[in-house]
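Novice: Counted the way my numbering counts, the sequence shown spans residues 52 to 303.
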Amino acid sequence: MPAVALVTGGNRGIGLGITQRLLADGFAVSILATREEPTELLESLDAPGRVRYVRGSVADLDDHARFVDDAVQAWGRLDLLVNNAGVAPSVRADLLEAGAESFDRVLGINLRGPYFLTQTFANRVISLGSDTLPRATVINVSSISATAVSTNRGEYCVSKAGVAMATQLFAVRLAPEGIVVYEVRPGVIATDMTAGVTEKYDALIADGLAPINRWGRPSDVAGAVSILASGQTPYSTGEVFHVDGGMHIPVL
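Right, here's the structure in full:
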């Protein structure tokens, strides 16, 4: 029986890159996403019996148990949760003008959802029992925006800063249970989320935004997830793995 991974938003962008890499690594992968089941995409992954798709939203707590239950019923185990699904504000608004509706939407999907999905996942892993250590791994995909300020999308920055703290919290709480928790922190990654600001980031990258002078790719983030999901770092938890071309390094 292959190791089993749950990936939220695993049908597009960074999440699809993660799904593809985990399948290549031999995992069975269950995807949670809001869109109708993408039959052609799932067939193109060419992994019969190792891919499931659950339509639902990470923001809806009722969908969490359904997502976890479906994987356990199909494969009988849980090894990895990748909290990847996330959204940007629908409109980039100045901090003094942004509304509560956008704030609630972004934090509901980016922070509240994965926070409680991690709770559901961890409780089910504990109930299943396992003598292998680590029993399971949780990987939170956050953003350079956890520490880099953008005053026209404050709700996004706050949500990712919250993800960083949630990673630390669950790392401490779940260590005695044999579950390790990591944060993967992407920089500027070429996805549909960044497509609308391509010109802006092209200019910033050309001006030296990061030491590695290019856009990041979903495969770059997927590679970090693959390393952390491999079980080869069992004495590490709560770590932040930057995938940003060195953007986080202070430079004079």
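Where a beta carbon is used, it is the ideal one built from N, C-alpha and C, also for glycine. Predicted, not measured: the structure shown is a model, and the values here were computed from it.
Within the stretch 226 to 294, note down every full beta strand (DSSP E) run reaching 3 residues or more, in order along the chain.
Specialist: Those beta strand (DSSP E) runs which fall completely within the stretch 226 to 294 and span 3+ residues are 230 to 237, 291 to 294.
Novice: With a 10 Å radius around its C-beta and 16 neighbouring C-beta atoms as the bar for buried, classify ARG305 as buried or exposed.
Specialist: Only positions 52 to 303 of the chain appear in this structure, which leaves residue 305 out of reach.
Novice: Kindly indicate which three-state DSSP category ARG44 falls into: helix, strand or coil?
Specialist: Residue 44 cannot be examined here, being either before or after the span of the chain that is shown, 52 to 303.
Novice: Going by C-alpha to C-alpha distance, which of SER270, MET298, THR284 sits closest to ARG63?
Specialist: When only C-alpha atoms are compared, the closest one is SER270.
Novice: Going by other Cβ atoms of all chains shown within 10 Å of its Cβ, with 16 needed for buried, is LEU147 buried or exposed?
Specialist: That one is exposed.
Novice: What three-state label does DSSP hand ILE177 in the structure shown?
Specialist: Helix.
Novice: When the Cα atoms are used, what is the spatial distance from PRO262 to ILE256?
Specialist: About 9 Å.
Novice: Consult DSSP for SER108 and reduce its assignment to one of helix, strand or coil.
Specialist: Here SER108 sits in coil by DSSP.
Novice: Hey, would you say SER277 sits closer than 8 Å to ARG72, going by beta carbons?
Specialist: Their beta carbons are under 8 Å apart, which means SER277 touches ARG72 by this criterion.
Novice: What is the rounded straight-line gap between the Cα of LEU131 and the Cα of LEU112?
Specialist: If I take the Cα positions, the gap works out to 19 Å.
Novice: Along the chain, where does the beta strand (DSSP E) containing ILE95 start, and where does it finish?
Specialist: The displayed chain sequence assigns Ser, not Ile, to residue 95. Looking at the DSSP string, SER95 is not in any beta strand (DSSP E); the run it does join, the alpha helix (DSSP H), is 90 to 95.
Novice: For VAL102 and LEU57, I'd like the C-alpha separation in whole angstroms.
Specialist: Whole-angstrom Cα-Cα distance: 10 Å.
Novice: As an exercise, report each continuous alpha helix (DSSP H) stretch of at least 4 residues that is fully enclosed by the stretch 185 to 212, in chain order.
Specialist: Runs of the alpha helix (DSSP H) inside the stretch 185 to 212: none found.
Novice: Who does THR59 pair with in a DSSP beta bridge?
Specialist: BP columns for THR59 point to LEU83.
Novice: Exposed or buried, VAL302, counting other C-beta atoms within 10 Å across all chains shown (16 or more means buried)?
Specialist: That one is exposed.
Novice: Would you identify the three-state DSSP class for ASN135, choosing helix, strand or coil?
Specialist: If DSSP states are grouped into helix, strand and coil, ASN135 belongs with coil.
Novice: Flag this pair as touching only if the stretch 281 to 297 and the stretch 182 to 189 have three or more C-beta atom pairs under 8 Å; answer yes or no.
Specialist: Yes: the two stretches touch, three or more of their Cβ pairs being nearer than 8 Å.
Novice: Compute the Euclidean distance between the alpha carbons of GLY60 and THR90, then round it to the nearest angstrom.
Specialist: In a straight line, the C-alpha of GLY60 is about 15 Å away from that of THR90.
Novice: Just to confirm, is the Cβ distance from VAL123 to ARG175 under 8 Å?
Specialist: In this structure, ARG175 lies closer than 8 Å to VAL123 by Cβ.
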